[in-house]
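Residue numbers (our numbering), protein chains in the order written: chain A, 1 to 228; chain B, 229 to 456.
Think of the CB as a built atom: it goes at the ideal place given N, C-alpha and C, for glycine as much as any other residue.
Keep in mind the model is a prediction, meaning the values are calculated, not measured.
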DNA sequence: TCAAAAGTGTTCTTCGTACACCCATGA
DNA sequence: TCATGGGTGTACGAAGAACACTTTTGA
């Protein structure tokens, strides 16, 4: 059993982005080699002998998509036989969060195309990537409810309503504005700036807020736990 | 990057057991080959070309320890270079739960010895297994608070106090008996039998309870969520 | 009759939730 | 002046936390 093992190790990444225009989106590449040539798939590829798993993810993302990832966390490892028709490949998957200003894409040699897809309008995906994406979505939903990772999807300064809409988009349910504000404010890691939102249409401009990560870590040290 | 990848794939398992006598325990093997010959380590080994990751874990456990695993869940994948001094090995780790009556051990060819160690009296471990164990412990603590996995560590029928002591051992804090009973009973997946505990000493014998898994799944379907 | 462990209810506080009107701005 | 979206407080009910005495058994 310990001799002649012939299994390849890959990484794949589910990268989430959010804008209030587009909602919650996922970054996909169009494959330009077989198998699944022409299909949309998660960015990813084989791990180099000398690089860590995280480095491999970062490298693949920059090779294939050009995005700047802001938060990266290991998701799950998939190892079923037949998930890649060529060889036995186990894939260690990650999910990542990108701020809206890191949204510019450039498809590269390895990919025929790169695009953001709204989470509700996904194409058919190659391999078992549909299942991976589902796991990632569920994980993000859970994670956002007990750690303030949502801020990794917003600009540095944002109106409160952005945060609220983000939570509604990810959790896919309505949230009461007043209760949500009360709950988030209570923790004390959100700073009000004295700037106001720049408007794109009518309506009263909201105050801009900033997430104080330093403060959050202090509170976490003290055992205060975030929950939405 | 895609040519001549030379990385081995292994699985390792953190197996937890519980008895009120011994408290929360972890199953370790004594290595009989180098590196770390003579050190205690988590059971595990390389994955065969034709087996799933879960199968590999089950096989290693039965080869090395002879325990019957009751619940198995993937934990995390560790891939740092240097974690195995021989080759680049990435390890996909699992944690498992064993009922007290599956406690009999038999060390086998692959291991010089197998033993249960109380979680508070662990020896130095080989490789990065100390870190893996820490991740597993934290995961178990979290998991037990939102899914009733604790029952996988108890006999089929158990006095209520067993459940309570188990939670105290895993969470490492005091739990109020009355509040705990109220909370657990409320869910309705715990059945009271009309048998009573067999005593080992003085004290009033407790009623025996049984976990109704069927009922739990029904409740879960209805969106009722377990939380301690 | 004593020691050991199990069984059981009430009160108080905290948190979650439901809910509607006024304000600032651009068109 | 109208339409759009932001800002704000209160009241009710549910759940969590603190807390002590009685019962059953073996020695």
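Query - Ordered list of alpha helix (DSSP H) runs contained in the segment 331 to 401 of chain B, each at least 4 residues - result: Correct list: 357 to 374 and 388 to 399.
Report task. Keeping to the same chain, check which residues put their C-beta closer than 6 Å to that of residue 144/A; ignore five residues upstream and five downstream. Result -> Here residue 144/A is taken as the residue at index 144 of the first chain, counted from 1. These residues qualify, in order along the chain: 150 and 170.
Report task. Work out the CA separation of residue 58/A and residue 107/A for me, nearest whole Å. Result -> Within the first chain, numbered from 1, the residue matching residue 107/A stands at position 107. Within the first chain, numbered from 1, the residue matching residue 58/A stands at position 58. Computed Cα separation, rounded: 15 Å.
Query raised in the report: chain A beta carbons: is any one of them nearer than 7 Å to that of residue 409/B?
Result: In the second chain, residue 409/B corresponds to position 181, counting from 1. Residue 409/B does not count as touching chain A.
Query raised in the report: residue 10/A: buried (16+ other C-beta within 10 angstroms of its C-beta) or exposed?
Result: Stepping through the first chain from its first residue, residue 10/A is reached at position 10. It is buried - the Cβ of residue 10/A has at least 16 other Cβ atoms within 10 Å.
Query - Selection of the segment 295 to 328 of chain B by Cβ proximity to chain A, strictly under 8 Å - result: 302, 304, 305, 307, 308, 309, 316, 318 and 320
Requested in this report: Determine, using beta carbons only, whether residue 328/B and residue 247/B come nearer to each other than 7 Å.
Outcome: Translated into the one-based positions of the second chain, residue 328/B becomes position 100. Translated into the one-based positions of the second chain, residue 247/B becomes position 19. The Cβ atoms of residue 328/B and residue 247/B lie closer than 7 Å to each other.
Query raised in the report: By DSSP, does residue 279/B sit in helix, in strand, or in coil?
Result: Position 51 of the second chain, counted from the first residue, corresponds to residue 279/B. In the structure shown, residue 279/B sits in coil (DSSP, three-state: anything other than H, G, I, E or B).
Query raised in the report: What residues from the segment 41 to 57 of chain A come within 8 Å of chain B, judged by C-beta to C-beta, listed N to C?
Result: 45, 46, 47, 48, 49, 50, 52 and 53
Query raised in the report: Going by other Cβ atoms of all chains shown within 10 Å of its Cβ, with 16 needed for buried, is residue 34/A buried or exposed?
Result: Residue mapping note: residue 34/A aligns to position 34 of the first chain, counting from 1. Looking at its Cβ environment, which holds fewer than 16 other Cβ atoms inside 10 Å, residue 34/A is exposed.
Requested in this report: Take residue 355/B as the anchor and find which of 250/B, 391/B, 268/B and 295/B has the nearest alpha-carbon.
Outcome: Taking the first residue of the second chain as position 1, residue 355/B is located at position 127. When each option's Cα is compared against that of residue 355/B, the closest is 268/B.
Query raised in the report: What residues in the segment 231 to 245 of chain B have a beta carbon less than 7 Å from any beta carbon of chain A?
Result: 233, 234, 235, 236 and 237
Report task. Would you give the residue range spanned by the alpha helix (DSSP H) that residue 89/A belongs to? Result -> Looking up residue 89/A in the first chain gives position 89. Residue 89/A -> not in any alpha helix (DSSP H); beta strand (DSSP E) instead, spanning 89 to 98.
Requested in this report: Could you name the residues that DSSP lists as bridge partners for residue 75/A?
Outcome: Here residue 75/A is taken as the residue at index 75 of the first chain, counted from 1. According to DSSP, which records beta bridges pairwise, residue 75/A is partnered with nothing at all.
Query raised in the report: From the beta carbon of residue 224/A, is the nearest beta carbon of chain B less than 7 Å away?
Result: The sequence position of residue 224/A within the first chain is 224, counting from 1. Not closer than 7 Å to any Cβ of chain B, the Cβ of residue 224/A fails to qualify, so no.
Requested in this report: Can you give me the start and stop residues for the beta strand (DSSP E) that residue 412/B sits inside?
Outcome: Counting from 1 along the second chain, the entry for residue 412/B is found at position 184. For residue 412/B, there is no enclosing beta strand (DSSP E); the residue is part of the alpha helix (DSSP H) that begins and ends at 405 to 415.
Query raised in the report: Where does the unbroken alpha helix (DSSP H) through residue 217/A begin, and where does it stop?
Result: Reading the first chain from its first residue, position 217 is the one you call residue 217/A. Per DSSP, residue 217/A belongs to the alpha helix (DSSP H) from 213 to 221.
Query raised in the report: Taking DSSP as the reference, what is the three-state secondary structure of residue 329/B?
Result: Start at 1 with the first residue of the second chain, and residue 329/B comes out as number 101. It is helical.
**Report entry** From 389/B, 236/B, 311/B and 309/B, residue whose alpha carbon lies closest to that of residue 425/B
**Finding:** As a first step, residue 425/B is located in the second chain; it is residue number 197 there, counting from the start. Nearest of 389/B, 236/B, 311/B and 309/B to residue 425/B, Cα basis: 389/B.
Query raised in the report: For residue 198/A, does the three-state DSSP call read helix, strand or coil?
Result: Taking the first chain and counting its residues from 1, the one referred to as residue 198/A is at position 198. Residue state, collapsed to three classes: coil.
Query - Nearest neighbour of residue 300/B, chosen from 440/B, 289/B and 316/B [CA to CA] - result: Within the second chain, the letter at position 72 stands for residue 300/B. Of the listed residues, the one whose Cα sits closest to residue 300/B is 289/B.
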